[in-house]
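Enquirer:
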Amino acid sequence: MISFDLICTSGHHRFEGWFGSSTDYDQQLAEGLLACPVCGDTGVRKAVMAPNVARKGNQAPSVQRDNNSDEAVAVANMPEMPAEMVEMIGKVAQMQAKMLEQSDWVGDRFADEARAIHYGDAPERTIHGSTTVDDARELHEEGIAVAPLPLPFLPPEAKN
Ligand SMILES: [Zn+2]
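In this text, residue positions in the sequence shown follow the working numbering: the first is 1474, and each later residue adds one.
1) For the putative contact between A1566 and L1624, defined by C-beta atoms under 8 Å, what is the C-beta separation to the nearest angstrom?
2) For T1604, count neighbouring Cβ atoms within 10 angstroms of its own Cβ and tell me buried if that reaches 16, exposed if not.
3) Less than 6 Å between the CB of V1565 and some heavy atom of ligand 1, yes or no?
4) Relative to the C-alpha of F1492, which residue among R1582, Q1501 and H1486 is closest?
5) May I have the straight-line CA-CA distance separating R1487 from T1515, to the nearest angstrom?
6) Note down, in chain order, each residue of its chain lying with its Cβ closer than 6 Å to the Cβ of A1508, except the 5 sequence neighbours on either side.
7) Alpha carbons only, please: which of P1596, H1601 and G1593 is nearest the one belonging to G1580?
8) Could you check if S1495 belongs to the surroundings of ligand 1, using beta carbon to heavy atom distance under 6 Å?
9) How big is the Cα-Cα spacing for E1489 and G1616?
10) Tell me the residue span of the alpha helix (DSSP H) that contains E1597.
11) Taking the DSSP output, what are the residues bridged to K1519?
12) For R1610, which of helix, strand or coil comes out of DSSP?
13) Please name the residue, chosen from R1588, Y1592 and E1597, that lies closest to Q1454 on a Cα-to-Cα basis.
14) Please classify G1513 as buried or exposed, where buried requires at least 16 neighbouring CB atoms within 10 angstroms.
15) If you measure from each CB to the nearest heavy atom of ligand 1 and keep those under 6 Å, what residues do you get, in chain order?
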């Protein structure tokens, strides 16, 4: 296995992709199978080459979170993933990004902020953040709308 640090056209989304070989990478790229997990962009290129790391041969390629990296996780580069699915995920990613443009990121203060807005203690607006399942359930019981985001969201403070 070989891993590459990849980056999309925006230049802001770095992620790691695992491939059987360098040729696999070239092939998947040529076929448009590589999509940015944050914005769905398929204009992916190599950022900085990571050292080759051996993995067990039976492990499927995946995009992995690297705690030292400033960027995201999830999706994309499995050769057997149908192109339609990649395209769909890309569309969802783009729609989510668009939707969140109008929304304030509140991080783990989501439950507090959502309550404040609901009870008129904070200005009416759309927010997104993280919360626990229990908190989400309580909010729901109080009649406060909470919808899970379809794709993982990368906190703005984690971006450069
Ligand atoms: Zn991107």
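Even glycine gets a Cβ: it sits at the ideal position worked out from N, Cα and C.
Expert: Quick answer:
1) 6 Å
2) buried
3) no
4) Q1501
5) 13 Å
6) T1515, A1549, V1559 and G1563
7) H1601
8) no
9) 40 Å
10) From DSSP, E1597 is part of no alpha helix (DSSP H); its letter is neither H nor E.
11) L1479
12) helix
13) Outside the modelled stretch of the chain, which goes from 1474 to 1633, sits residue 1454, for which no answer is possible.
14) buried
15) C1481, S1483, H1486, C1509, V1511, C1512 and D1514
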